[in-house]
Amino acid sequence: MNVERPASCSARAFEDRYRRNPDPWNFAASTYERQRYRTVMEALPELAYARAFEPGCSVGELTAQLAEVCGHVVATDVAPSAVERARQRCAAFDNVDIQCIDLAAGLPPGTFDLIVFSEIGYYFPKPMLERITGELARMLNVGGDFLAVHWLGESPDHVLHGDVVHAELFAHLPLRHVTGERHAGFRIDSWRRS
-4 MNVERPASCS
6 ARAFEDRYRR
16 NPDPWNFAAS
26 TYERQRYRTV
36 MEALPELAYA
46 RAFEPGCSVG
56 ELTAQLAEVC
66 GHVVATDVAP
76 SAVERARQRC
86 AAFDNVDIQC
96 IDLAAGLPPG
106 TFDLIVFSEI
116 GYYFPKPMLE
126 RITGELARML
136 NVGGDFLAVH
146 WLGESPDHVL
156 HGDVVHAELF
166 AHLPLRHVTG
176 ERHAGFRIDS
186 WRRS
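All residue numbers for the sequence shown refer to my numbering, where the first residue is -4 and numbers rise by one.
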């Protein structure tokens, strides 16, 4: 069965957002986002990782922080304007590779010790989310960590609520759940490939 995202979640819709506003969710300056990044970094099960993947990197704010604890970071976004901004943000890091990729169409090559699935799951219908996260789980090395972080508010452009995304991950991710926390406005869960 061929499942498509609504137009509000298409690559074109995201590119239009970034052309109207270079940082449409205020990732670079928001106090809430700064606190969320701190919480994400503190929630990483290990102090360092050899190779990490961050799909949906937006303007590269979390990417830059991951670069501090990872030997190599592959980050992607569906919007070319976001990718360009993320590359500028991470220009000082020679261990970061930022690519323009639509997860619905494919994933970067290789395997990873860490996957940070942050603020992206609710843009996919359930069957597409299950397929993508299943593929991501297969890209995770044994002993690798999968960290999912999602906002718990309502947005008209979201296909799924953040809690539904995590329920889907619990139901279909073929990994061992390690920890889970709810914070003001968002939740974090981590899984490990045994």
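Glycine is no exception: its CB is placed at the ideal position from the N, C-alpha and C atoms.
Extent of the continuous alpha helix (DSSP H) to which residue i belongs
i    : result
I127 : 121 to 133
G157 : 157 to 167
D191 : Since the displayed the chain opens at -4 and closes at 189, residue 191 lies outside it and no answer follows.
T34  : 26 to 38
Boundaries (first-last residue) of the beta strand (DSSP E) holding residue i
i    : result
F48  : 44 to 50
E176 : 171 to 178
T185 : The displayed chain sequence assigns Ser, not Thr, to residue 185. Counting along the chain, the beta strand (DSSP E) containing S185 begins and ends at 181 to 187.
L109 : 107 to 113
Nearest residue (CA-CA) to residue i, options the options
i    : options               : result
V68  : L147, A143, Q94, R80  : Q94
G138 : F22, Y32, A8, S185    : S185
A62  : E37, P40, V91, R84    : V91
G157 : N16, F165, W146, A166 : W146
G180 : E28, A162, R14, P103  : E28
V54  : C4, A86, V35          : A86
A166 : T128, V35, A74, G148  : T128
T106 : F119, K121, N136, A81 : N136
D18  : R133, F119, A81       : A81
R187 : A77, H178, A132       : A132
R177 : T34, N16, V154, D89   : T34
Beta bridge counterpart(s) of residue i as assigned by DSSP
i    : result
H145 : R182
D140 : L109, R187
Three or more beta-carbon pairs under 8 Å between the segment 33 to 53 and the segment 67 to 84, yes or no? yes
Start-end ranges of the alpha helix (DSSP H) lying completely within the segment 43 to 101, minimum 4 residues: 56 to 62, 75 to 84
Cβ pair count under 8 Å reaching 3, the segment 101 to 112 against the segment 134 to 151: yes
Contact between the segment 162 to 176 and the segment 17 to 32: three or more CB pairs below 8 Å? no
Flag this pair as touching only if the segment 0 to 13 and the segment 157 to 167 have three or more C-beta atom pairs under 8 Å; answer yes or no. no
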